Amino acid sequence: MTSLLTDPDRSRTREVTFDGTLRDGTVQRVDGADAYEPERSMTTFFRTDGRPTVDCWSVRMASFRTDEILAIRRLEGVEVGAEPALRIV
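The sequence shown lines up with residues 3 to 91 when you count with my numbering.
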């Protein structure tokens, strides 16, 4: 398993992405992370390079206060740099 996916025509690289909806209604996108884990008062997103668990080789990508997170969505095959699908109305 790898976090990077390629279109059949090989023109665009796609990867696993997480969208985190925060208490204030904003959606934070974390590109390249393929796992997340609560770490005390923070929830941290990691790139594990396809390993089944978060370990000492995992790379921290982003952290958010756990009490500010309302929802986390895992998205696969999202174009790199694409905007989050959810917006504040």
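Each residue gets a CB set at the ideal place from its N, CA and C atoms; glycine is no exception.
It should be emphasised that the depicted structure is a prediction, and the values quoted were computed from it without experimental measurement.
- Our two residues, Glu-78 and Arg-25, have alpha carbons roughly 24 Å apart in a direct line.
- For the 8 Å CB-CB criterion, Arg-62 and Val-18 do not form a contact.
- In the structure shown, Asp-21 adopts extended strand secondary structure according to DSSP, grouped into three states.
- Here Asp-33 carries a strand assignment [DSSP, helix/strand/coil].
- Here Thr-55 carries a coil assignment [DSSP, helix/strand/coil].
- Beta-bridge partners of Met-44 (DSSP): Glu-41 and Arg-67.
- Between the alpha carbons of Ala-73 and Thr-23 lies a distance of about 5 Å.
- For the pair Gly-34 and Arg-53, the CB atoms are not nearer than the 8 Å cut-off.
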